[in-house]
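All remarks here apply to the structure that follows.
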Amino acid sequence: MKYIYSILSVAAAAMLSASCSFLDPEPNGSYNDENFDSYHELLRGFVDKAYSVTYIPTLYYSTYLAGLGAATDDALYRSETATWRTFTRGATKMSGNPFAAKWNNDYSAINYVNMFLKDNKGFETRYLLNFEDDKVFRHCLQGSAFGLRAWYYFDLLRAFAGKGTDGKMLGVPLMLDAFEAENRDNSAVYRSTVDECVEQILKDCDSAYHHLPYSNKDYPGEAVSTVTGSARYKTLDQVAVDGLRAMVYLFWASPAFNPQNDLSRYENAAKYAAKVMKHKLEKESTAVFGENGFDPLKKFLWTDANTAEVVWPSNFTKSASTEKAFYPQGFGGGAQIGPTQELVDAFPMANGYPITDSRSGYDPAKPYENRDPRFYANIYYNGSSVLRNTNSEKMYTFETAEGGKDAPGGVGVSPSGYYIKKFLFNGWNPNDEPVQAGYRCVHLISWTQMCLIFAESAGKVTSPDDASKFGYSAKQALAWLRARQTNDGVKGLGAVADPYLDECAAAGGDKFEALVKNEWRVETCFEGERYYNLRRWAKSLNEVNGEIHGIKITGTATDLKYEKVVVETLNFPSLWNPLPYLDVRRCPNLVQNEGWESWK
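Each residue of the sequence shown is one higher than the last, beginning at 0 in numbering that gives the first Met the number 0.
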């Protein structure tokens, strides 16, 4: 217990020591800090803790998922004093760094797995009576420890990598050993380079891959050990590690971290994403699992915790907090986060063309007609309704026009005139007795992410139409997403034909890349991806700053007028996030990121 490490924050270290619930003494007080080494079987608790809800979110309505989406031009918080709105306006104080919790939490989780890995004690400990089962289980724990450390370091890297005040591109401190809080050497803490961090993450991925089973899902007709299969469905396996490798390589290949434009990084990202895609299409297909198997054109539900869309899920939870956060006050919520007009405009028309294309048929006087089915699956707008998922009963209709109960300016309503539909359980109604809540999880790694990573990376090293190198083409990866049924069961926009995708793929280059970036935006909205994507793509602050808009609707029901209005101005002082102020002060060799020089 004495090895708890929160990167040099004394208060955080005390808090984390108190939270080691899996090490609470037994009623008879048979183990404690002094004799813990005599109870090696408890070592598995270090890995379990790193998997726990303490460190891995279970709902998309959380600080670094939907909350992080509200730190971009996709969404904004209703409250003008919300931490993220203060941050996006460039008015954050040293004590209000919204990324400080991520820094402390990820390093805490890393230290738990470091304690498990210390002196190889976790792997050499006996946990189960059956010898063969124990062997499999020990490998699962060891692989999980390496894999989790890789995951948390990647999470830190994409949040804190950036140009330091010394002008160098830096990553984060690499802490590979368990630290005793009372024996820290602050001067020994420094930021490794981005390349060094990526190399360590990939090394941990290799170690994890060596120990983990191929897949944690049970296959019909196959004998599976009692300690793998569905019993460990929510833990890492080799398929998930390949997905993590794809994410890491794409990050590393991106313009911000790849000034030499090393195409081998894109090639590796495509290679590992293709491996995961192949697994889904062949090993988890409907041919193997029947109607519950994976089909790239089949819909999935955010409220289905066992959806085949998932590569690696978080723990499952049953909660109504997302509904209460996203719905307006008129339907039992608080409209904590609302989508922007910029995001609404990013959804193409039903024929696949962007609304800015003259061939799209977009009518500014009827902005919500004939849009991409994904728009209707993700956004509530004026006149749209909440339908009960069992019988399509209308439970609530949004009135966002001037004077309407959900219009901007009221209490508990969105300031943009739009509401989030994504992730919601449409069996929830605050007027029901009893009120029903849905099960959910976070898709930490998903089929959707793999298709987008593959499309972006393969499109850099081959023609978008070329499937010879990886087994699939970049165009095909986007086609699967654009043609997929929505959560509402509506066929995708490319189910019959997708001439705009064909056009972009034939043109290649910047035109195809622009389409890929927009697909990232609409497919992963409110999942936190856009914040990181913008920073790995951007070359200047102008690409992340600027005005964001909502909609003002006036006129009569038969003659509505739509006017875009400014609801916030993004004014980040830097492309890079600030490291926690206290740790920079306490560690003389810990370099702050550019743009936060005043935090001294």
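Glycine included, each C-beta is placed from N, C-alpha and C at the ideal position.
With DSSP as the reference, label residue i as helix, strand or coil.
i: Met168; result: strand
i: Tyr111; result: helix
i: Trp301; result: coil
i: Ser229; result: helix
i: Thr447; result: helix
i: Tyr499; result: helix
i: Trp102; result: helix
i: Leu569; result: strand
i: Tyr63; result: coil
i: Tyr530; result: helix
i: Tyr326; result: coil
i: Trp598; result: coil
i: Met276; result: helix
i: Asp217; result: coil
i: Tyr580; result: helix
i: Arg244; result: helix
i: Phe178; result: coil
i: Cys586; result: coil
i: Trp427; result: coil
i: Gly491; result: coil
i: Gly89; result: coil
i: Asn260; result: coil
i: Pro254; result: helix
i: Arg125; result: coil
By Cβ distance, which residues of its chain are closer than 7 Å to residue i, with the 5 residues on each side in sequence left out?
i: Gln484; result: Leu296, Lys297, Lys298, Lys490, Gly491
i: Lys420; result: Ala376, Asn377, Ile378, Tyr379
i: Leu540; result: Phe571, Leu574
i: Lys480; result: Sequence check: residue 480 is Leu here, not Lys. Here the set comprises Thr447, Cys450, Glu518, Glu522.
i: Cys196; result: Tyr152, Leu156, Gly170, Val171, Leu173
i: Arg584; result: none
i: Tyr531; result: Arg157
i: Ser320; result: Leu58, Tyr60
i: Lys270; result: Phe469
i: Ala144; result: Val46, Val112, Phe115, Leu116, Gly121
i: Ala207; result: Gly142, Phe145, Gly146, Ala149, Leu235, Val240
i: Arg370; result: Phe346, Met348, Ala349
For residue i, write down the residues that DSSP places opposite it in a beta bridge.
i: Arg84; result: In DSSP, Arg84 forms no bridge with anything.
i: Tyr395; result: Val385
i: Tyr438; result: Lys317
i: Tyr76; result: Ile336
i: Lys551; result: Glu562
i: Val309; result: Ser445
i: Asn185; result: BP columns for Asn185 are empty, so no partner.
i: Phe293; result: Ser284
i: Glu546; result: Thr568
i: Thr53; result: Per DSSP, none; premise fails for Thr53.
i: Asn592; result: Gly163
i: Tyr418; result: Tyr379
i: Thr192; result: Leu169
Give me, in chain order, the residues of the same chain whose beta-carbon lies closer than 6 Å to that of residue i; leave out the 5 immediate sequence neighbours on both sides.
i: Gly331; result: Pro429
i: Ala239; result: Val310, Trp311, Ile444
i: Asp294; result: Thr285
i: Tyr650; result: With the chain covering only 0 through 599, there is no way to say anything about residue 650.
i: Lys117; result: Ala177
i: Glu25; result: Residue placement at Glu25 is flagged as unreliable, the pLDDT there being 38, under the threshold of 50; the coordinate-derived value follows with that caveat. Around Glu25: no qualifying Cβ.
i: Glu455; result: Val515
i: Ala476; result: Cys450, Phe453, Ala454
Go through its chain and collect everything with a Cβ distance to residue i's Cβ below 8 Å, but skip five positions before and after it.
i: Ile55; result: Ser313, Asn314, Val441, Leu443
i: Asp23; result: Only weak support exists for where Asp23 lies, its pLDDT of 34 falling under 50; the coordinates are left without a value.
i: Ser186; result: Cys586, Pro587, Asn588
i: Arg88; result: Glu567, Thr568, Leu569, Asn570
Return yes when at least one heavy atom of the ligand MN lies under 6 Å from the C-beta of residue i, else no.
i: Ala349; result: What this structure holds is no ligand at all, so the ligand MN is not there to describe.
Pick out the complete beta strand (DSSP E) segments inside the stretch 342-389, 3 residues or longer, and give them in chain order. 384-386
Suppose only complete runs of 4+ residues qualify. What are the alpha helix (DSSP H) ranges in the stretch 130-164, listed by chain order? For the stretch 130-164, whole alpha helix (DSSP H) runs of length 4 or above, ordered along the chain, are 130-159.
Can we say the stretch 287-303 touches the stretch 422-439, given the rule of at least three CB pairs closer than 8 Å? yes
Stretch-stretch touch, CB-based, cutoff 8 Å, three pairs: the stretch 230-239 with the stretch 161-176: Contact between the stretch 230-239 and the stretch 161-176 is absent, because fewer than three Cβ pairs lie under 8 Å.
Stretch-stretch touch, CB-based, cutoff 8 Å, three pairs: the stretch 172-179 with the stretch 119-126: At 8 Å Cβ cutoff, the stretches do not touch.
Does the structure place the stretch 398-415 close enough to the stretch 352-360 that three or more beta carbon pairs sit under 8 Å? no
Check whether the stretch 362-370 touches the stretch 507-516, taking contact to mean three or more Cβ pairs, one atom from each stretch, closer than 8 Å. no
Segment contact, 8 Å Cβ cut-off, at least three pairs: the stretch 546-565 with the stretch 274-289: no
Using 8 Å as the threshold, is the stretch 64-73 in touch with the stretch 250-266, meaning 3 or more CB pairs across them? no
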